[in-house]
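To start, the structure under review is shown below, and the notes come after it.
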Amino acid sequence: MTDQQNNDAAAADESTPQFSLQRIYVRDLSFEAPKSPAIFRQQWEPSVALDLNTKQKGLEGDFHEVVLTLSVTVKNADEVAFIAEVQQAGIFLIKNLDAASMSHTLGAFCPNILFPYAREALDSLVTRGSFPALMLSPVNFDALYAQEMQRMQEAGEAPSLQ
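For what it's worth, the working numbering labels the leading residue of the sequence shown as 57, then goes sequentially.
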């Protein structure tokens, strides 16, 4: 290759979008069973409420932290059987994306990567509390992201990339 071809290849590499997962970790994990052991002696007819949230922040350079929080409250009749929460986080290297692509990557693609880890951590936590396995269904983060963008557009807000 000539020097010009090397320079052109280097310039193309610098403008090519890049994405890589650097680390996945549990940021916070909690479990409460306020009615145990009495709850284990009752007929088990649970109702499950799932709350999920994502947040992201920029780190040094092109590194970003994304945190997916899953909070589950399970009631048996009208009593809280247990509350479990996991904050599953990841550090991602993301380069050369336009603002819309960056927003979508941080708001949908990264949480989609984190979800199986968070789901497994919650399931393990619940079974260690001696409750039946908690098999959460997959989540469509692209649809949730689109709904949030539509809500923000209707409210006149702009997406933030911290």
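In this text, a Cβ means the ideal position worked out from N, Cα and C, and glycines have one as well.
Quiz item: Okay, do the stretch 136 to 143 and the stretch 166 to 185 touch, 3+ Cβ pairs below 8 angstroms being the bar?
Solution: yes
Exercise. Tell me whether Ala-164 sits in a helix, a strand or coil according to DSSP, three-state version.
Key: Taking the first residue of the sequence shown as position 1, residue 164 is located at position 108. Here Ala-164 sits in helix by DSSP.
Quiz item: Are Val-122 and Phe-87 close, meaning C-beta to C-beta below 8 angstroms?
Solution: Taking the first residue of the sequence shown as position 1, residue 122 is located at position 66. Taking the first residue of the sequence shown as position 1, residue 87 is located at position 31. Their beta carbons are not under 8 angstroms apart, which means Val-122 does not touch Phe-87 by this criterion.
Quiz prompt | Local Cβ density within 10 Å of Val-104, reported as buried at 16 or more and exposed below that | solution = What you label residue 104 is simply residue 48 of the sequence shown in a count that begins at 1. It counts as exposed.
Exercise. For the stretch 83 to 120, list the beta strand (DSSP E) runs that are entirely contained and at least 3 residues long, ordered along the chain.
Key: 102 to 114
Quiz item: Can you tell which of Asn-196, Pro-90, Ala-174 and Leu-192 has the C-alpha that lies nearest to the C-alpha of His-160?
Solution: Counting from one through the sequence shown, the residue named residue 160 turns up at place 104. That would be Asn-196, whose Cα lies nearest to the Cα of His-160.
Self-check item: Per-residue DSSP class, three states only, for Ala-155
Solution: One-based indexing of the sequence shown puts residue 155 at position 99. It is helical.
Exercise. Inspect the CB distances between the stretch 186 to 193 and the stretch 153 to 168 and report whether three or more fall short of 8 angstroms.
Key: no
Practice problem: Please check the pair Phe-75 and Leu-124, which I expect to be a contact at CB under 8 angstroms, by giving their CB distance rounded to whole angstroms. | Solution: The residue labelled residue 75 in the question sits at position 19 within the sequence shown. The residue labelled residue 124 in the question sits at position 68 within the sequence shown. Not really, about 17 angstroms apart at Cβ, beyond 8 angstroms.
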